[in-house]
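> Dropping a structure here in structure tokens format, bear with me for questions.
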Amino acid sequence: MAIVNWPASLVPAKVTWGLQSNTETFTSPLNRSTQTLERPGARWKASLEMPRMDPDTRGQLEAFLVSLGGMAGRFRLWPHARPVSAIGVGASDYGVVLDFVNQSYQAQGSPMVSAALSNYKLLPTTYWPASTRVLKAGEFIEVGGELKMVTADVTSDAAGNAQIPVAPAFRKAPDIGAALVLDRPKATMMLSTDEFSVGVSEGARRISDAVVIAVVEAWT
């Protein structure tokens, strides 16, 4: 089944977005000291609360959810609360067109991965504006098809290079030259259950009840 994008026309009224880490804990039977190991496989989880919808919008949502075939379907979803980097504006010496209505921008060039990863929580990048704070802690980026959160403010050096601390760790190192996605960075998600339902109020307008959709990151 093809991976599709979450429809841009379906805007949640409330989004809860978080990370499910993958750890293993050992507690000593002798003195109760505890050791915890972080394992690969942390994944994003989200809950999308859709507002009461008119029949046309409700039809779009129902059609999209039905097309997924329950948990079998895969779709690309961005964190609606932080759809675009507030500071990073693309590669230096490239034109940038800002779109404040849609909270996005388009750049002719893009910051990219500049070297092989030696630390899977630290991303080396280049083509930023020189000596500038380019990313804020808590913003999202997408690289190599993986969604990451920036864990500290990032300032570029005089040559436009920047080391970006991210979490969770990369599952696979992105290629040198891979572009950073700052405008609606996405993760591949699946529904958390095979079932959904939409309640509809009686009356001529047929307005639906609010709908909560739980999703979780998925990969192969």
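Mapping to our numbering: the sequence shown position 65 is 54, numbers consecutive.
Note that beta-carbon positions come from the ideal geometry of N, C-alpha and C, so glycine has one too.
Considering residue 56, what are the terminal residues of the alpha helix (DSSP H) in which it resides?
Residue mapping note: residue 56 aligns to position 67 of the sequence shown, counting from 1. Where residue 56 is concerned, the enclosing alpha helix (DSSP H) stretches over 44 to 56.
> Rounded to the nearest angstrom, what separates residue 101 and residue 72 at their Cα positions?
Position 112 of the sequence shown holds residue 101. Position 83 of the sequence shown holds residue 72. Taking the straight line from one Cα to the other gives about 19 angstroms.
> Using DSSP with H/G/I as helix, E/B as strand and the rest coil, what is residue 82?
Within the sequence shown, the letter at position 93 stands for residue 82. Because residue 82 sits at a pLDDT of 44, beneath the cut-off of 50, its placement in the model cannot be relied upon, and the following sentence gives the value as read from the coordinates. Of the three classes helix, strand and coil, the one that applies to residue 82 here is coil, per DSSP.
> In chain order, what residues of the same chain have a beta carbon less than 6 angstroms from the beta carbon of residue 195, not counting five sequence neighbours either side?
Translated into the one-based positions of the sequence shown, residue 195 becomes position 206. Cβ neighbours of residue 195 beyond the five flanking positions: 44 and 189.
> By the 10 Å Cβ neighbour count, where 16 or more other Cβ atoms means buried, how is residue 208 classified, buried or exposed?
Taking the sequence shown and counting its residues from 1, one reaches residue 208 at position 219. Residue 208 comes out exposed.
> Residue 145 lies in the beta strand (DSSP E); which residues open and close that run?
Against the sequence shown, residue 145 aligns to sequence position 156. Looking at the DSSP string, residue 145 is not in any beta strand (DSSP E), and its letter there is neither H nor E.
> With DSSP run on the structure shown, which of helix, strand or coil describes residue 7?
Locating residue 7 in the sequence shown gives position 18, counting from the first residue. Strand, per DSSP.
> Could you tell me whether the Cβ atoms of residue 60 and residue 202 are closer together than 8 angstroms?
Within the sequence shown, residue 60 is the residue found at index 71, counting from 1. Within the sequence shown, residue 202 is the residue found at index 213, counting from 1. The criterion of a C-beta distance shorter than 8 angstroms is not satisfied by residue 60 and residue 202.
> Quick one, are the C-beta atoms of residue 146 and residue 126 less than 8 angstroms apart?
One-based indexing of the sequence shown puts residue 146 at position 157. One-based indexing of the sequence shown puts residue 126 at position 137. Contact flag unset, no.
> Please check the pair residue 67 and residue 160, which I expect to be a contact at CB under 8 angstroms, by giving their CB distance rounded to whole angstroms.
As a first step, residue 67 is located in the sequence shown; it is residue number 78 there, counting from the start. As a first step, residue 160 is located in the sequence shown; it is residue number 171 there, counting from the start. Not quite, the Cβ-Cβ distance comes to about 19 angstroms (not below 8 angstroms), so this is no contact.
> Which same chain residues, not among the five before or five after residue 49, have their C-beta less than 8 angstroms away from its C-beta?
Taking the first residue of the sequence shown as position 1, residue 49 is located at position 60. Excluding sequence neighbours, residue 49 sits near -4, -2 and -1.
> Based on DSSP bridge pairs, tell me the residues matched to residue 65.
Against the sequence shown, residue 65 aligns to sequence position 76. DSSP, once it has assigned bridges, lists -6 and 177 as partnering residue 65.
> Please classify residue 204: is it buried, with 16 or more other beta-carbons within 10 angstroms of its beta-carbon, or exposed?
For the purposes of this step, residue 204 is taken as residue 215 along the sequence shown, with counting starting at 1. It counts as buried.
> Which value, in whole angstroms, describes the spacing of the CA atoms of residue 109 and residue 162?
Locating residue 109 in the sequence shown gives position 120, where the first residue counts as 1. Locating residue 162 in the sequence shown gives position 173, where the first residue counts as 1. Using only the alpha carbons, I get a separation of about 7 angstroms.
> Assuming residue 177 and residue 63 are in contact, meaning their beta carbons sit under 8 angstroms apart, how far apart are those beta carbons, in whole angstroms?
Stepping through the sequence shown from its first residue, residue 177 is reached at position 188. Stepping through the sequence shown from its first residue, residue 63 is reached at position 74. With a Cβ gap of about 6 angstroms, residue 177 and residue 63 count as contacting.
> Residue 181 to residue 57, Cα distance in whole Å?
Counting from 1 along the sequence shown, the entry for residue 181 is found at position 192. Counting from 1 along the sequence shown, the entry for residue 57 is found at position 68. So the two alpha carbons sit approximately 12 angstroms from each other.
> With residue 33 as the anchor, note down where its beta strand (DSSP E) starts and where it stops.
One-based indexing of the sequence shown puts residue 33 at position 44. Start and end: 32 to 39.
> When the distance is taken between beta carbons, is residue 171 closer than 8 angstroms to residue 217?
Nothing can be reported for residue 217, as the shown portion of the chain is limited to -10 through 209.
> Between which residues of its own chain and residue 30 is the CB-CB distance below 7 angstroms, once the five residues before and five after are set aside?
Stepping through the sequence shown from its first residue, residue 30 is reached at position 41. Closer than 7 angstroms at Cβ, skipping near neighbours: 11.
> Could you tell me the boundaries of the beta strand (DSSP E) in which residue 13 lies?
To locate residue 13, count along the sequence shown from 1; it is residue 24. Start and end: 12 to 16.
> According to DSSP, which residues form a beta bridge with residue 156?
As a first step, residue 156 is located in the sequence shown; it is residue number 167 there, counting from the start. Residue pairing of residue 156 in beta bridges, as defined by DSSP: 138.
> Just to confirm my understanding: we take residue 167, look at its own chain, exclude 5 residues before and 5 after, and list those with CB closer than 7 angstroms. What are they?
By 1-based counting over the sequence shown, the position of residue 167 is 178. Once the five neighbours on either side are set aside, the close Cβ partners of residue 167 are 101, 102, 132 and 133.
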